Amino acid sequence: MKAAVLYGVGDLRYEEVEIPQLKEGEALIKVKACGVCGSDVPRVMEKGTYSFPLIPGHELAGKVARIEGKSQGIKEGDRVTVFPLIPCLKCPYCKAGRYNLCDSYSYLGSRCNGGFAEYVKAPLKNLIRLPRTVSYEEGAFTEPASVALHALRRSKLDAGDEIAILGAGPIGVLLAQWAAILGAGEVFLVDIEEEKLKVARGYGFGKLVNAKEEDPVERIRKDTGGKGVDIVVEAAGTSLTLKESIKLAKKGGRIVLLGNIRGEVVLSESLVSGILRKELTILGTWNSSFTHFPKNEWAISLKFMQEGKLKVRPLISHRLHLSQAREAFQMMYEKREFYNKVMFVFEESERGD
Ligand SMILES: [Zn+2]
Ligand SMILES: [Zn+2]
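First residue of the sequence shown: 526, per this note's numbering; consecutive thereafter.
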């Protein structure tokens, strides 16, 4: 089969490799669509995967080509998406159903081979069927959609809460959609790229702030009568936006840190004092929940996509063939053109089989 294999930092090669061998309890999936996650760009271009050579890609959907062992409800030919975190199922966190906190997990596309390939293997337990009306492309969004939902569930967003989302890329817009679905009052979306805000505008979000043109802290404070917002989600991963989060949260507010921070963050006395005096709650969020206790966020994401309430298609800026992977990562790394969700699509990536 063909795959994009990472041999070292920045060394992604499209080449012929062996089709994965299955063990008991695993499925072979013919990949139909695989998105590039924001984390994949530094993974491929700066940090590398846990070992080399390795096939990246963890936002995928495809068709079950073969299964080994008892089917657990999944059949060959099923259209599925894959929870990329492979939990140990033995540690106390796994036993509590909190797979995202597993002590010793594997992960498609960073610790084991992922979806930038014609075929990928995964445990049957990690598969979830796509509803008939959810296309493969949409199905490949289940991971980022669930990551966004998990972050908002961490924030305990309540009806009428005002929220500011820093970063209006695919995750930011997914966060904004979930915030609206969950009954948020005002939703502020902040970014420095006008094109990203344009995509957000297409969704009908009105409170968009271009942080290159105006100070988001001033603007949002002004729009909230000087109070700030109930919830801030930091989804840009910069030192600046983290500091802005503290300034934007109102007294008693919550901040969810979702973006992977690059570099060090130094907080001034007055910012730390702000956390204390405003009695802020700062929450981390990591991955998403794939178990039914308390809630399977993947099933929820798929349900809302199926009902047309969560719209992901407008987020796709590039549909590429896997043979273009190397150039695509160069383009993204050097920001040579505007991109939102870049997706590698394979033949028949549309709905149906
Ligand atoms: Zn991701
Ligand atoms: Zn575990």
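Glycine included, C-beta positions come from ideal geometry on N, C-alpha and C. Bear in mind that the values here come from a model prediction, so they are computed numbers and not experimental data.
CB-CB length for residue i against residue j, believed under 8 Å
{"i": "Gly692", "j": "Ala760", "result": "4 Å"}
{"i": "Cys559", "j": "Glu541", "result": "Not a contact, Cβ separation roughly 18 Å."}
{"i": "Pro609", "j": "Glu668", "result": "6 Å"}
{"i": "Gly582", "j": "Val534", "result": "No, Gly582 and Val534 are not in contact; Cβ-Cβ is about 17 Å, not under 8 Å."}
{"i": "Ser631", "j": "Cys637", "result": "5 Å"}
{"i": "Gly762", "j": "Ile800", "result": "Actually they do not touch by this definition, with Cβ atoms about 19 Å apart."}
{"i": "Val758", "j": "Ile690", "result": "5 Å"}
{"i": "Leu655", "j": "Leu827", "result": "7 Å"}
{"i": "Val566", "j": "Met857", "result": "5 Å"}
{"i": "Pro578", "j": "Ile611", "result": "With 8 Å as the limit, Pro578 and Ile611 do not qualify as a contact, their Cβ atoms being about 19 Å apart."}
{"i": "Ile771", "j": "Leu796", "result": "5 Å"}
{"i": "Ile580", "j": "Phe641", "result": "5 Å"}
{"i": "Ala853", "j": "Tyr539", "result": "In fact, because the Cβ distance is near 11 Å, the residues do not count as touching under 8 Å."}
{"i": "Trp823", "j": "Phe829", "result": "With 8 Å as the limit, Trp823 and Phe829 do not qualify as a contact, their Cβ atoms being about 11 Å apart."}
{"i": "Gly622", "j": "Phe863", "result": "Going by Cβ atoms, the distance from Gly622 to Phe863 rounds to 40 Å, so no, they are not a contact pair."}
{"i": "Ile912", "j": "Leu707", "result": "Absent from the structure is residue 912, since the part of the chain shown begins at 526 and ends at 878."}
{"i": "Glu643", "j": "Met526", "result": "4 Å"}
Distance, residue j Cα to residue i Cα
{"i": "Lys776", "j": "Val672", "result": "26 Å"}
{"i": "Cys562", "j": "Lys803", "result": "34 Å"}
{"i": "Ser764", "j": "Gln546", "result": "43 Å"}
{"i": "Lys548", "j": "Thr806", "result": "44 Å"}
{"i": "Ser874", "j": "Ser848", "result": "Model confidence at Ser874 stands at a pLDDT of 48, short of 50, so the residue's coordinates are unreliable; what they give is reported in the following sentence. When rounded, the distance between both Cα atoms is 16 Å."}
{"i": "Lys866", "j": "Val724", "result": "11 Å"}
{"i": "Ala684", "j": "Val556", "result": "39 Å"}
{"i": "Val645", "j": "Val715", "result": "36 Å"}
{"i": "His846", "j": "Leu783", "result": "30 Å"}
{"i": "Ser635", "j": "Leu767", "result": "26 Å"}
{"i": "Met868", "j": "Phe730", "result": "24 Å"}
{"i": "Glu593", "j": "Phe871", "result": "24 Å"}
{"i": "Phe713", "j": "Pro741", "result": "9 Å"}
{"i": "Ala709", "j": "Glu687", "result": "6 Å"}
{"i": "Arg591", "j": "Glu601", "result": "5 Å"}
{"i": "Leu722", "j": "Pro617", "result": "42 Å"}
{"i": "Ala670", "j": "Leu700", "result": "8 Å"}
{"i": "Asp812", "j": "Tyr624", "result": "This sequence places Asn at residue 812; Asp is not what is there. Their backbone Cα atoms lie some 9 Å apart in a straight line."}
{"i": "Asn821", "j": "Asp603", "result": "20 Å"}
{"i": "Glu551", "j": "Glu543", "result": "17 Å"}
{"i": "Gly833", "j": "Arg844", "result": "21 Å"}
{"i": "Leu633", "j": "Gly753", "result": "39 Å"}
{"i": "Lys732", "j": "Glu739", "result": "13 Å"}
{"i": "Asp536", "j": "Glu743", "result": "43 Å"}
Residues bridged to residue i [DSSP beta-bridge criterion]
{"i": "Thr806", "result": "Arg779"}
{"i": "Pro648", "result": "Glu551"}
{"i": "Leu585", "result": "Cys559"}
{"i": "Leu531", "result": "Leu537 and Leu579"}
{"i": "Met856", "result": "Met856 is not bridged to any residue."}
{"i": "Leu845", "result": "Phe869"}
{"i": "Arg604", "result": "Lys588"}
{"i": "Arg654", "result": "Val605"}
{"i": "Cys964", "result": "One cannot answer for residue 964 here, as it falls past the ends of the chain, which runs 526 to 878."}
{"i": "Ala850", "result": "Note: Ala850 sits in no beta bridge, so no partner."}
{"i": "Leu614", "result": "Beta-bridge pairing links Leu614 to no other residue."}
{"i": "Glu593", "result": "Glu551"}
{"i": "Ala642", "result": "Ala528"}
{"i": "Ala774", "result": "Val754"}
Residue i burial status per 10 Å Cβ neighbour count (16 or more: buried)
{"i": "Val837", "result": "buried"}
{"i": "Tyr532", "result": "exposed"}
{"i": "Thr658", "result": "exposed"}
{"i": "Pro695", "result": "buried"}
{"i": "Arg779", "result": "buried"}
{"i": "Leu553", "result": "buried"}
{"i": "Gly877", "result": "Unreliable placement is indicated for Gly877, whose pLDDT of 44 sits below 50; the coordinate value is still reported in the next sentence. Gly877 should be labelled exposed."}
{"i": "Ser487", "result": "Residue 487 falls outside the range modelled here, since the chain spans only 526 to 878, and no answer is possible."}
{"i": "Gln702", "result": "buried"}
{"i": "Ser680", "result": "buried"}
{"i": "Leu652", "result": "buried"}
{"i": "Val605", "result": "buried"}
{"i": "Ala528", "result": "buried"}
{"i": "His675", "result": "buried"}
{"i": "Arg620", "result": "Note that residue 620 corresponds to Lys in the displayed sequence, not to Arg. Result: exposed."}
{"i": "Arg678", "result": "buried"}
{"i": "Glu859", "result": "exposed"}
{"i": "Lys588", "result": "buried"}
{"i": "Arg568", "result": "buried"}
{"i": "Glu789", "result": "exposed"}
Near ligand 3: residue i beta-carbon under 7 Å from a heavy atom
{"i": "Lys600", "result": "Although ligand 3 was asked about, the structure shown includes only ligand 1 and ligand 2 as ligands."}
Below-8 Å beta-carbon distance, residue i vs any chain B residue
{"i": "Ser671", "result": "The question asks about chain B, but that chain is absent: this structure has only one protein chain."}
Review point. Mind pulling the beta strand (DSSP E) runs of 3 or more residues that sit fully within the stretch 670-712?
Key: 688-691
Point to revise | Secondary structure, beta strand (DSSP E): runs of 3+ residues fully inside the stretch 704-766 | key: 712-716, 732-735 and 754-759
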